[in-house]
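**Student:** Sequential numbering of the sequence shown, starting at 452, is according to my numbering. Okay, here's the structure, questions in a sec.
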Amino acid sequence: MQNVATPDPLIFRQANPRTSSIRKAKHNQNNELEICLITFVRRALDATTKGDYSIYTSLSILDHAWTAQKLIWSLREHQD
452 MQNVATPDPL IFRQANPRTS SIRKAKHNQN NELEICLITF VRRALDATTK
502 GDYSIYTSLS ILDHAWTAQK LIWSLREHQD
């Protein structure tokens with residue numbers, strides 16, 4: 452008799468190895484890009500709050516950070 456907590460392994464579909472490796476590579480690239488973007492956004496927020504830059508430079512940095520944040524959300528939305 453089979454325990455409910457351990458389902459029959461035959462019911463799980465095996466992924467095509469080629470497709471699976473492509474998905475993993477894309478997922479890893481997206482993760483690396485997301486990490487870089489998050490780091491940029493955090494550093495931009497930190498740098499602009501210290502007052503080391505003029506208001507115009509700070510606004511420009513924050514504008515780029517906002518674009519990066521929208522890209523982060525887009526990457527997360529389109530993950531498989």
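Positions of the beta carbon are idealized from the N, C-alpha and C atoms, including for glycine.
Which of the three DSSP states is assigned to Ser505 in this structure?
**Tutor:** Looking up residue 505 in the sequence shown gives position 54. Correct three-state label for Ser505: coil.
**Student:** Given a cut-off of 8 Å, decide if Ile489 and Ile523 are closer than it, judged by their beta-carbon atoms.
**Tutor:** The sequence position of residue 523 within the sequence shown is 72, counting from 1. The sequence position of residue 489 within the sequence shown is 38, counting from 1. Yes, they are a contact pair.
**Student:** I need the straight-line Cα distance from Trp517 to Ile486, nearest angstrom please.
**Tutor:** Your numbering for residue 517 matches position 66 in the sequence shown. Your numbering for residue 486 matches position 35 in the sequence shown. Taking the straight line joining both Cα atoms gives about 15 Å.
**Student:** Run through DSSP, which three-state label would Gln530 get?
**Tutor:** What you label residue 530 is simply residue 79 of the sequence shown in a count that begins at 1. In the structure shown, Gln530 sits in coil (DSSP, three-state: anything other than H, G, I, E or B).
**Student:** Relative to the alpha-carbon of Val492, which residue among Ile506, Gln520, His529, Gln530 has its alpha-carbon at the smallest distance?
**Tutor:** Taking the first residue of the sequence shown as 1, we reach residue 492 at position 41. The candidate whose alpha carbon is nearest that of Val492 is Gln520.
**Student:** Check the C-beta distance from Tyr507 over to Ala498 and give it rounded, since I have them as a contact under 8 Å.
**Tutor:** What you label residue 507 is simply residue 56 of the sequence shown in a count that begins at 1. What you label residue 498 is simply residue 47 of the sequence shown in a count that begins at 1. 14 Å between Cβ atoms; not a contact.
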